[in-house]
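Student: Numbering (this note's numbering), first residue to last: 206 to 470.
Just so it is clear, CB atoms sit at the ideal spot from N, CA and C, and this is done for glycine as well.
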DNA sequence: TCTTTATGGTGAG
DNA sequence: TCACCCTAAAGAT
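1) Run through DSSP, which three-state label would residue 368 get?
2) Could you have a look at residue 393 and say whether DSSP puts it in helix, strand or coil?
3) Quick check on the DSSP output: the beta strand (DSSP E) that includes residue 296 runs from which residue to which?
4) Can you have a look at residue 329 and say buried or exposed, based on whether 16 or more other CB atoms are within 10 angstroms of its CB?
5) So for residue 398, helix, strand or coil by DSSP?
6) Check whether the Cβ atoms of residue 326 and residue 353 sit closer than 8 Å, and answer yes or no.
7) Could you pull the DSSP bridge partners for residue 311 from this structure?
8) Per DSSP, what kind of secondary structure is residue 476 in: helix, strand or coil?
9) Tell me residue 260's beta-bridge partners as DSSP assigns them.
10) Suppose you measure from the CA of residue 375 to the CA of residue 461; what does that come to, to the nearest Å?
11) Using the Cα positions of residue 288 and residue 338, report the straight-line distance between them to the nearest angstrom.
12) According to DSSP, what are the bridge partners of residue 304?
13) Pull up the CB-CB distance for residue 248 and residue 297, whole angstroms please, since I reckon it's below 8 Å.
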């Protein structure tokens, strides 16, 4: 279940495992048989991530994958399991394999088409240190609640439902605040916090947003599930920082969580 | 053995 | 705003 950090991590791992050599590609499920045939035996030049999108370059052809909500793309170095009947795509070489299941998007496109995909996305904090102004400008154009705007991939690429609530908590911003009402400082805080949290998530391989001091822990490995985040899925529980009861509400057709003490309206 | 849920996104109305 | 797509694991019965 991926936000941007997961996708970038996958791109790095797949690049390390497969780039620079021919790969075998097949579709046990059958639904991607033609696409797999188009890249089978070809040299993978590289794997990249932009926001929540994955791109695998094979000359002028690009394998474009988006995992959606339920997609997975685990890889194996040894003890490669049998693909399940739902495995859409297997990529392998002599020593490793990756099994794709449940993707929202899996298709072979041209480099121009791939460029059009990324052009429609907002800046990705994991790729660009120069996206802050573009992000700030987009906020200024929107009157929708900031919690809804943070999920719009045309505004900022890679944020999902966990990070949107956690980032708003960390910046002390109430989720229903209209985006264009935010000060420049608060917009800066959102951009910097998004980048810092995505980079941390990329490094850890999981989303951990709490400062250890706020939960009285020494190491991140000591944290229980409930202690890794400030608000996400914590409605009814006391805030790690101020003790107020965390609330949940539907914002932008999905649940958002916030602390009424730390994020006043 | 069910039903539910999930860190996402699209297209129709 | 809603139905819908895709899969797997967790939770309920």
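Tutor: Taking the coordinates as given:
1) In the three-state reduction of the DSSP assignment, residue 368 falls in the helix class.
2) It is helical.
3) Counting along the chain, the beta strand (DSSP E) containing residue 296 begins and ends at 292 to 297.
4) For residue 329, the number of other beta carbons within 10 angstroms of its own is at least 16, and it is reported as buried.
5) Residue state, collapsed to three classes: helix.
6) Taking 8 Å as the Cβ cut-off, residue 326 and residue 353 do not qualify as a contacting pair.
7) DSSP lists 270 as partners of residue 311.
8) In the structure as shown, the chain begins at 206 and stops at 470. Residue 476 is therefore absent and cannot be evaluated.
9) For residue 260, which the question treats as bridged, DSSP gives the partners 253, 269.
10) If you take the alpha carbons of residue 375 and residue 461, they lie about 14 Å apart.
11) C-alpha of residue 288 to C-alpha of residue 338: approximately 45 Å in a straight line.
12) Bridge pairing for residue 304: 295 [DSSP].
13) 14 Å between Cβ atoms; not a contact.
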